[in-house]
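K.L.:
Dropping a structure here in structure tokens format, bear with me for questions.
Numbering (this note's numbering), first residue to last: 99 to 368.
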């Protein structure tokens, strides 16, 4: 999986996952070369992914000081415990709720945790990272942030889009996707990842965009979208249109049986 440098101090560790009927979902993590280096999320936990090797393409994992966990879903925590072992001075920026969720499977060592809520900030030496709740999310523990030095927004799942090919999912720039195709994909993602958007109070929902309007980030880095530079306004318009959208309805058992019936039987199978 490629590593893209989008700023001299920001690298994207790209990956993707194919979801039949949806498309190829980008799954990004990030390295922020602050005075106290930060890794943002830790990718998929699949057997053929070595997250430490990918971090090592940017810096020595032992130099990592912070792991900002935007939320504790499996596509964000795949390499977190390997990285904690390799980076003995690193602490995990997370929330009380996220630490509780993780305790149900593999508890996060609380002496390595740093609890931070939306509206609070973290000083990493040469810059401040300001936490905020993105307008769209699929987990109540979600906290994205603004990098006050570079002006970049790290948005977690918000602004995501399933894309038709691996190449687009791992592209260096979201503008490689046509504007209308990107809009359609982001609206689909909104209904898949945040089905509650069907029931929102439209005015309150649009008010939740205010941190992004105030900051006006030129670069948005989403876990589930290639780096998006210079199109923040258009993407906010797209998210605004998601209010009231009916939720995505996936295949049911009958559709699964029809799909399975098209597969060739395995050798020796019945």
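For every residue, glycine included, the Cβ atom is placed at its ideal position computed from N, Cα and C.
Remember, it's a predicted structure, so these values are computed and weren't measured experimentally.
Bridge partners for residue 256 per DSSP, in chain order?
P.N.:
BP columns for residue 256 are empty, so no partner.
K.L.:
What residues are listed by DSSP as bridge partners for residue 211?
P.N.:
In the DSSP output, where bridge partners are listed per residue, residue 211 has 190.
K.L.:
Nearest chain B C-beta to residue 253 closer than 7 Å, yes or no?
P.N.:
Checking the listed chains, one finds no chain B in this structure; it contains a single protein chain.
K.L.:
Among the residues of its own chain, which have a CB less than 6 Å from the CB of residue 156, if the five just before and after it don't count?
P.N.:
Contacts found: 109 and 129.
K.L.:
Going by the CB atoms, is the gap between residue 233 and residue 43 shorter than 7 Å?
P.N.:
Residue numbering for the chain in the displayed model covers 99 to 368; residue 43 lies beyond these limits and cannot be assessed.
K.L.:
Report back the beta-carbon spacing between residue 102 and residue 270 to the nearest angstrom; my notes put them in contact at under 8 Å.
P.N.:
The Cβ separation is near 5 Å, so the contact holds.
K.L.:
Give me the DSSP bridge partner(s) of residue 263.
P.N.:
Note: residue 263 sits in no beta bridge, so no partner.
K.L.:
Is DSSP giving residue 326 helix, strand or coil here?
P.N.:
Three-state result, residue 326: strand.
K.L.:
Going along the chain, which residues of its own chain have a beta-carbon closer than 6 Å to the beta-carbon of residue 360, five neighbours each way excluded?
P.N.:
There are no such residues.
K.L.:
Take residue 229 as the anchor and find which of 219, 235 and 238 has the nearest alpha-carbon.
P.N.:
Per the Cα distances, 219.
K.L.:
Is the distance from the Cβ of residue 322 to the Cβ of residue 237 below 7 Å?
P.N.:
No, these two residues do not count as a Cβ contact at 7 Å.
K.L.:
If you follow the beta strand (DSSP E) that residue 116 is part of, which residue opens it and which one closes it?
P.N.:
From DSSP, the beta strand (DSSP E) with residue 116 extends over 114-117.
K.L.:
Taking 6 Å as the cut-off, does the CB of residue 147 come closer than this to any heavy atom belonging to the ligand MN?
P.N.:
Looking at this structure, you won't find the ligand MN or any other ligand, since it has none at all.
K.L.:
To test your reading of the DSSP string, which unbroken alpha helix (DSSP H) runs of 4 or more residues are found completely within the segment 139-195?
P.N.:
Those alpha helix (DSSP H) runs which fall completely within the segment 139-195 and span 4+ residues are 149-154, 172-175 and 178-184.
K.L.:
Tell me the rounded alpha-carbon separation between residue 293 and residue 252.
P.N.:
Cα to Cα, residue 293 sits roughly 22 Å from residue 252.
K.L.:
Evaluate residue 173 with the Cβ neighbour count: other Cβ atoms within 10 Å of its Cβ, from every protein chain shown; 16 or more gives buried, anything less gives exposed.
P.N.:
Burial call: buried.
K.L.:
Report the rounded CA-to-CA distance for residue 112 versus residue 296, giving the unit in angstroms.
P.N.:
In a straight line, the C-alpha of residue 112 is about 30 Å away from that of residue 296.
K.L.:
Can you give the beta carbon distance from residue 319 to residue 121, rounded, assuming they're within the 8 Å contact cut?
P.N.:
About 20 Å; that fails the 8 Å criterion.
K.L.:
What residue does the alpha helix (DSSP H) around residue 290 start on, and which one ends it?
P.N.:
Looking at the DSSP string, the run of the alpha helix (DSSP H) that includes residue 290 is 277-291.
K.L.:
For residue 200, which residues of its own chain have a beta-carbon under 6 Å away from its beta-carbon, when the five flanking residues on both sides are left out?
P.N.:
The residues are 170 and 206.
K.L.:
Using only CA atoms, which one of 167, 166, 143 and 131 lies nearest to residue 154?
P.N.:
For residue 154, the nearest C-alpha among the options comes from 131.
K.L.:
Could you check where the alpha helix (DSSP H) with residue 124 kicks off and where it finishes?
P.N.:
Per DSSP, residue 124 belongs to no alpha helix (DSSP H); it is in the beta strand (DSSP E), 121-124.
K.L.:
Starting from residue 313, trace the alpha helix (DSSP H) both ways and give me its first and last residue.
P.N.:
It spans 308-313 - the alpha helix (DSSP H) in which residue 313 sits, taken as one unbroken run.
K.L.:
Residue 163 and residue 135: beta carbons closer than 7 Å?
P.N.:
Against a cut-off of 7 Å, the Cβ pair of residue 135 and residue 163 comes out as a contact.
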